[in-house]
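To start, the structure itself, in structure tokens.
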């Protein structure tokens with residue numbers, strides 16, 4: 037376990053301000069090194085520096101570097117490759133301008149934002165619901181209702197092996213007679 041001095045009072049605020057500056061410096065340095073390594077790949081078809089940077093990068097930042105490099109560079113990621121996890125991807129075109137304008141740390145954030153901005157697809161969501169409901173033992177009537185909704189959204193007709201059971205409602209007079217008899 038790492039031993040350190042516990043900060044108190046104003047020292048905590050000063051340390052946090054210094055930490056913020058260190059993070060910005062790290063982010064800028066990571067971008068410089070990552071771009072330079074990707075530029076080397078673009079010029080020489082050799083990802084050796086990108087692999088060295090990946091090995092030196094802390095484990096919790098490697099995913100961002102991997103996504104950034106494979107998106108912008110002419111590389112693919114293969115953990116089983118003997119030369120290193122990044123290998124040159126022949127035929128893939130690098131986007132060096134995009135790599136210059138986007139730091140690896142910012143790229144991960146923008147990817148998460150893109151996922152959140154995807155349009156809501158009702159059919160996909162209903163199909164997920166249908167699968168979950170079927171796995172949980174939902175009744176045939178409920179499953180057919182979801183299938184009907186999916187079909188109407190797709191513009192197709194529903195075809196069911198078994199028709200949904202029809203539940204007959206009791207007539208109000210019959211209910212009153214049963215209650216009077218009791």
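In my numbering, the protein residues as written are 37 to 218.
By construction, the Cβ of each residue, glycine as well, lies at the ideal position given by its N, Cα and C atoms.
On a predicted model such as this, the values are computed, not experimentally measured, just so you know.
Review point. With 16 other CB atoms within 10 Å as the buried threshold, where does residue 58 fall?
Key: When all chains shown are included, residue 58 counts as exposed.
Q. Given a threshold of 16 other Cβ atoms within 10 Å of its Cβ, counted over all protein chains shown, does residue 66 qualify as buried or as exposed?
A. Residue 66 comes out buried.
*Let me know the secondary structure DSSP gives residue 113 once reduced to three states.*
Residue 113: strand per DSSP, three-state reduction.
Check: Cα-Cα, which of 94, 52 and 100 is closest to residue 142?
Finding: It is 100 whose Cα lies nearest to the Cα of residue 142.
Nearest-angstrom Cα separation, counted from residue 60 out to residue 75: Near 22 Å, if we compare the C-alpha coordinates of residue 60 and residue 75.
Here's the rule: buried if 16 or more other CB atoms are within 10 angstroms of the residue's CB, otherwise exposed. What is residue 45? By the 10 Å Cβ count, residue 45 comes out exposed.
- Can you give the Cα-Cα distance for residue 144 and residue 104, rounded to whole angstroms? Taking the Cα positions, residue 144 is about 7 Å away from residue 104.
The beta strand (DSSP E) enclosing residue 122, as first and last residue numbers
First-last of the beta strand (DSSP E) with residue 122: 122 to 124.
| Contact between the stretch 111 to 123 and the stretch 81 to 93: three or more CB pairs below 8 Å? | Yes: at least three Cβ pairs fall under 8 Å.
Euclidean distance between Cα positions of residue 132 and residue 163: Taking the straight line joining both Cα atoms gives about 40 Å.
request  = List the endpoints of the continuous alpha helix (DSSP H) containing residue 50.
outcome  = From DSSP, the alpha helix (DSSP H) with residue 50 extends over 46 to 80.
I'd like the list of long-range same chain contacts for residue 81, defined as Cβ closer than 6 Å, with 5 residues on each side in sequence excluded. Exclusion of the five residues before and after residue 81 leaves 124 as the residues of its chain whose Cβ lies within less than 6 Å of its Cβ.
Helix, strand or coil for residue 172 per DSSP?
-> Per DSSP, reduced to three states, the secondary structure at residue 172 is coil, with no helix or strand assignment.
Checklist entry - Could you give the residue range of the alpha helix (DSSP H) that holds residue 106? => result Going by DSSP, residue 106 is part of the alpha helix (DSSP H) stretching over 95 to 108.
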